[in-house]
Amino acid sequence: MEQTPIRRIVIAGGGTAGWMTAAALARTLGKILDITLVESEEIGTVGVGESTIPTIVTYHRLLEINEQAFMAATNATFKLGISFENWRDVGEDYIHSFGVTGKDHWTAGFQHFWLKGRERGLATEFGDYCLELRAAQENRFAHLPKQGMNYAFHIDASVYARFLRDFSERYGVRRVEGRIAEVRADRDAGRIRSLRLASGDEIEGDLFIDCTGFRALLIGQALGVGVEDWSHWLHCDSAVAVQTEAVGPAVPYTRVVAHGAGWRWRIPLQHRIGNGIVFGSRFMDDDTATRTLLEQIEGSPLAEPRLIRFKPCQRHQAWSGNCVAIGLSSGFLEPLESTSIHLIQRGILRLLQMFPGNGISPADVAEYNRQVAGEVEHIRDFLILHYHVTRRADTPFWRTCREMEIPASLRHRIDLFRETGRVFRAPGELFTESSWTQVMLGQGLVPEQRHPVADLMGDQELGGFLNGIRAGIERTLAQLPPHQTYVEQYCAAA
Ligand code: FAD
268 MEQTPIRRIV IAGGGTAGWM TAAALARTLG KILDITLVES EEIGTVGVGE
318 STIPTIVTYH RLLEINEQAF MAATNATFKL GISFENWRDV GEDYIHSFGV
368 TGKDHWTAGF QHFWLKGRER GLATEFGDYC LELRAAQENR FAHLPKQGMN
418 YAFHIDASVY ARFLRDFSER YGVRRVEGRI AEVRADRDAG RIRSLRLASG
468 DEIEGDLFID CTGFRALLIG QALGVGVEDW SHWLHCDSAV AVQTEAVGPA
518 VPYTRVVAHG AGWRWRIPLQ HRIGNGIVFG SRFMDDDTAT RTLLEQIEGS
568 PLAEPRLIRF KPCQRHQAWS GNCVAIGLSS GFLEPLESTS IHLIQRGILR
618 LLQMFPGNGI SPADVAEYNR QVAGEVEHIR DFLILHYHVT RRADTPFWRT
668 CREMEIPASL RHRIDLFRET GRVFRAPGEL FTESSWTQVM LGQGLVPEQR
718 HPVADLMGDQ ELGGFLNGIR AGIERTLAQL PPHQTYVEQY CAAA
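Numbering-wise (this note's numbering), the sequence shown opens with residue 268 and increments by one.
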């Protein structure tokens, strides 16, 4: 193990990844670290990434970020899930919510009881047994005192980075504006020595965090760490994004609407709407994608549509030598389940847990990379599920998705659910049993069997059980204010 103490941290890049990393390092270890962040206004950020998942609430709690102040500053709205439209088939939709559906028995998930209820004519839609899902459908939201709701946010990404910059600077982060012209590295030893800026200034450090986005200046270009390409499983590699004026009250969910060669998003903020179309360039050209997007948006565009290319991939090692890649530099799959900002958080948390205060340990590096690999493969499988399990066969894109070979890990999960109705979550996996169940049922995968424990209930008992859950949810729902009203009042009190 190297015994060089790590004190000087250099963060290259000031997008969401750079500033989230700076804020967390400064808030936790700022007293013993000297943290510098270099960013270039001339280059700018990727400018998308506005839909989050509930783990961001935890990130804010850990950093003691005031939620009202954060929401007011970033024009944020609440998010309770994602509405998947045209995914199972054209004209059909479902919501993947952040909530838990129904009540599990210790031997079997709620879906087993629901399946029996459906067979006996006692159950309504699966989503009717989930508070967050019903609140999303009814456009309602509130922080509930007792059981709470599982929620995330829609945020203005550029303002969020600015918000975290102010936070980080208060905790001592030094910001340097300038273009990195050269990364000075000893490639054979796998070490970065310094960043030379276009101004001629040189920034030395002990540990470098690569947050330079798709450019991956440090981990990719300087250290030569490659990526594992997953474009044979995830066929979208392009997006066009455009922001529009807000029309009507903001809804508490992201819409993702499938089209013939991918999907488009709609993310409502307080002051505007983020829109974009994601597509496979092998199946749709840029002009058609832009036209399709512009035909579908509501409200006037606030800027010209922007084309973004990406490759669905994961860096072979996110930590190599004295460089840790966090954010797009470490890889990007695609934005369907809003997992990228979550992975930034996980990278930061992991780095803090394994912080190499007294020198970089190869065992830490190996463990970090092992954990990242497992986590990302799990998310990859979940994303592929949405494309592969579908009744759509109306275009070459959907036929390719249906017919392709899928990872063995996903094959197993699908077979298990189809044959038995069971789903298990291994430690460290992001998506819960509830998420897998919602999406598998939502995509049209119906189990052939159910757990025998569900058959121990007679019709009367089962009907009472199902009705009781639904009635409780409807009672809570009736007390919730409209989402838009709640956001306005919450932010006004910031
Ligand atoms: P960037 O934002 O690109 O920042 C890179 C930084 O590096 C910038 O500050 C830049 O100026 C700096 N830099 C680069 N080169 C140099 C240089 N030579 N000198 C100095 N500075 C330099 N994630 C979600 O969680 N939810 C979503 O809804 C979502 N939607 C997305 C939609 C699309 C189409 C795409 C492509 C991504 C989406 N993401 C989403 C991912 C999300 O945008 C990113 O994870 C997030 O913005 C972090 O990006 P970053 O900070 O790694 O990179």
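Beta carbons are placed, not taken as given, at the ideal position from N, Cα and C, and that holds for glycine.
Suppose you measure from the CA of residue i to the CA of residue j; what does that come to, to the nearest Å?
i	j	result
R460	D473	8 Å
G730	E565	43 Å
S676	R717	22 Å
Q727	R737	15 Å
C478	I278	7 Å
G739	F732	11 Å
Y427	E469	28 Å
A483	E495	14 Å
T295	W286	14 Å
R432	G445	16 Å
Y635	L618	8 Å
L304	M707	42 Å
A403	I673	32 Å
R385	S498	38 Å
R658	L723	33 Å
Q746	T667	46 Å
F408	W354	26 Å
A340	H372	42 Å
G487	Q584	10 Å
S597	T312	16 Å
T743	G457	56 Å
A343	F337	8 Å
D453	T374	55 Å
Q756	L536	15 Å
Following a CB-centred definition, is residue i positioned closer than 7 Å to any heavy atom of the ligand FAD?
i	result
C478	yes
S498	no
E642	no
V591	no
L484	yes
I608	yes
G311	yes
V324	no
E317	yes
P579	no
E571	no
G594	yes
I459	no
E469	no
S350	no
P714	no
I681	no
G543	yes
S559	According to the sequence displayed, residue 559 carries Thr and not Ser. T559: no, Cβ never under 7 Å from the ligand FAD.
V305	yes
G711	no
S466	no
S605	yes
Strictly by DSSP, which residues pair up with residue i?
i	result
V720	DSSP lists no partner for V720.
H421	S318 and T344
C590	F475 and S587
D356	Partner(s): none; D356 has no beta bridge.
I459	A452
N542	V509 and R533
I302	I276
S350	I362 and R522
V443	V305
E495	Q581
H372	A375
L770	The chain is shown only over 268 to 761; residue 770 falls outside these bounds and no answer can be derived.
R576	S505
I470	L462
R407	P749
Since I believe residue j is in contact with residue i (beta carbons under 8 Å), could you give me their beta-carbon distance rounded to a whole number of angstroms?
i	j	result
F577	F546	About 11 Å separates the two Cβ atoms, so there is no contact after all.
F365	G709	That belief does not hold up - the Cβ atoms of F365 and G709 are roughly 14 Å apart, past 8 Å.
W381	Y396	7 Å
S435	A290	5 Å
Cβ of residue i within 7 Å of any heavy atom in the ligand NAP?
i	result
R432	Absence of the ligand NAP is noted for the structure shown, with the ligand FAD being the only ligands found.
- Message: Whether or not the region 630 to 640 and the region 599 to 619 are in contact is what I'm after, with contact meaning three or more pairs of Cβ atoms, one per stretch, closer than 8 Å; do they touch?
- Response: The region 599 to 619 vs the region 630 to 640: in contact.
- Query: Pairing CB atoms from the region 492 to 511 with CB atoms from the region 532 to 551, are three or more of them under 8 Å?
  - Reply: A contact is defined here as three or more CB-CB pairs under 8 Å, and the region 492 to 511 meets this definition with respect to the region 532 to 551.
- Query: With a cut-off of 8 Å, do at least 3 Cβ pairs link the region 305 to 324 to the region 419 to 428?
  - Reply: Yes, the region 305 to 324 is in contact with the region 419 to 428.
- Task: Say whether the region 696 to 704 touches the region 557 to 572, bearing in mind that this needs 3 or more beta-carbon pairs closer than 8 Å, one atom from each stretch.
- Result: Contact annotation: the region 696 to 704 does not touch the region 557 to 572, with fewer than three C-beta pairs closer than 8 Å.
- Message: With three or more C-beta pairs closer than 8 Å as the rule, is the region 325 to 343 touching the region 517 to 532?
- Response: Between the region 517 to 532 and the region 325 to 343 there are fewer than three inter-stretch CB-CB distances shorter than 8 Å, so the stretches are not counted as touching.
- Message: So, does the region 528 to 544 touch the region 509 to 516, judging by three or more C-beta pairs under 8 Å?
- Response: Contact annotation: the region 528 to 544 touches the region 509 to 516, with at least three C-beta pairs closer than 8 Å.
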